[in-house]
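Using my numbering, the first residue of the sequence shown is number 1390, and each one after it goes up by one.
Positions of the beta carbon are idealized from the N, C-alpha and C atoms, including for glycine.
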Amino acid sequence: MTDNPMRTQLPQVAHARNPGMALDLDWVAAVQANTSAIERRAASLPGRRSVKKEFQAAWLLKAISLIDLTTLSGDDTVGRVQRLCAKARQPVRAEMLEALGMPGLTTGAVCVYHEMVETAVRALEGTNIPVAAVSTGFPAGLSPFHLRIAEIGESVKAGAREIDIVISRRHALTGNWQALYGEMAEMRAACGEAHVKAILATGELGSLRNVARASLVCMMAGADFIKTSTGKESVNATLPVSLVMIRAIREYEARTGFKVGYKPAGGIAKAKDALVYLSLMKDELGHPWLQPDLFRFGASSLLGDIERQLEHHLTGRYSAGYRHAMG
């Protein structure tokens, strides 16, 4: 991970949307996860790649373009969402972006509850920044199924271009893969042209093998992205879980020819953590997964730390965190 992703990356090539496939239970049953090997590999990741100076700055700028800037609080207000959208449009001070050679840089998306979709859409008019809505009874996914489907439709109608749905964890915990597939396929259909990110809530699935199997089933049912967490669980994105999910993505592409995106969410708050995830994606999946159509960070505080690191790169000084607020 020594190259500059802003200078050396090949032009982004549009890929066909994952249409899904028939549920292959033999393939699902064959999926295993060697937990000790996965954990050893994950533990080695933070020390395997190191980038400094202008290369680190370039990778951090890339990370900004991959953030789903998120607010999912019970006390969200119109004003807070408007400020968040302003930050998405201008994630780093204009003079810093000019100095770094990246004027016009934005985040990958803004992620909000359904109630705030219209506010976010209006605040992002004139940009290409999509609004993502968390849906289907987020975060537990335990509301009646017909209401979860209706919620997707309402968010799409309000202007959401991406829908982050939550799966029914009980299907994975009991091995009812047919039920998970059926729900996921119906949710994908309800999204229409809006892309769907399937949140697995990996901290509640019990084992890495369940994570691997749930990842595969959701992709078979047509998920455009698979996502680790709601951010509300006690355990959210981790490197072992990420390794399992992105290797499922790699196997799915090898067998079907279709690319599926990945979104780690929850607990990624430091610039150094973002660099580890980017190096993991580059090593395991390659350059196509360093674009916002195939990789996102679900984060709220990550951007502030990245901005501090970029300021240090330009000035040699670290500024106080309050100088990099969300709005």
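If you count every other CB in all the chains shown that lies within 10 Å of the CB of residue i, and 16 or more means buried, which is it?
i	result
Asp-1694	buried
Arg-1685	buried
Asn-1625	buried
Ser-1532	exposed
Using only alpha-carbon positions, find the residue among the options that is nearest to residue i.
i	options	result
Ala-1403	Gly-1650, Ile-1538, Thr-1460	Gly-1650
Cys-1607	Arg-1558, Gly-1581, Val-1624, Leu-1632	Arg-1558
Arg-1472	Phe-1527, Glu-1443, Arg-1697, Met-1505	Met-1505
Thr-1460	Ala-1583, Ser-1690, Leu-1699, Ala-1590	Ser-1690
Ala-1603	Met-1410, Arg-1406, Ala-1411, Val-1420	Val-1420
Arg-1803	Asn-1517, Thr-1525, Thr-1627, Phe-1647	Nothing about residue 1803 can be read from this structure; the chain reaches only from 1390 to 1716.
Gly-1687	Asp-1672, Arg-1406, Pro-1677, Lys-1621	Lys-1621
Thr-1627	Gly-1656, Ser-1532, Leu-1458, Ala-1422	Gly-1656
Gly-1581	Ala-1561, Ala-1612, Ala-1568	Ala-1612
Report the three-state DSSP secondary structure of residue i (helix, strand or coil).
i	result
Leu-1412	coil
Leu-1513	coil
Ile-1427	helix
Lys-1442	helix
Gly-1468	helix
Arg-1559	helix
First and last residue of the beta strand (DSSP E) that includes residue i?
i	result
Gly-1650	1650-1652
Tyr-1502	1498-1502
Lys-1586	1584-1588
Asp-1457	1456-1459
Phe-1534	Counting along the chain, Phe-1534 falls outside any beta strand (DSSP E), though it belongs to the alpha helix (DSSP H) covering 1534-1547.
Ile-1615	1614-1616
Are the beta-carbon atoms belonging to residue i and residue j less than 8 angstroms from one another?
i	j	result
Arg-1577	Ala-1610	yes
Gly-1497	Ile-1556	no
Leu-1703	Met-1485	yes
Leu-1679	Leu-1667	yes
Ala-1658	Gln-1698	no
Ile-1427	Pro-1629	yes
Ala-1579	Ile-1538	yes
Which residue comes first and which comes last in the alpha helix (DSSP H) that contains residue i?
i	result
Asp-1694	1691-1704
Asp-1553	No alpha helix (DSSP H) holds Asp-1553; the beta strand (DSSP E) holding it covers 1551-1555.
Gly-1687	Not the alpha helix (DSSP H): Gly-1687 falls in the beta strand (DSSP E), residues 1686-1688.
Val-1523	From DSSP, Val-1523 is part of no alpha helix (DSSP H) but of the beta strand (DSSP E) over 1520-1523.
So does residue i have its beta carbon nearer than 7 angstroms to some heavy atom of the ligand FAD?
i	result
Glu-1443	Among the components of this structure there are no ligands whatsoever, and the ligand FAD is therefore not found.
With a threshold of 8 angstroms between beta carbons, is residue i in contact with chain B?
i	result
Glu-1551	Of the chains in the structure shown, none is chain B; there is only one protein chain.
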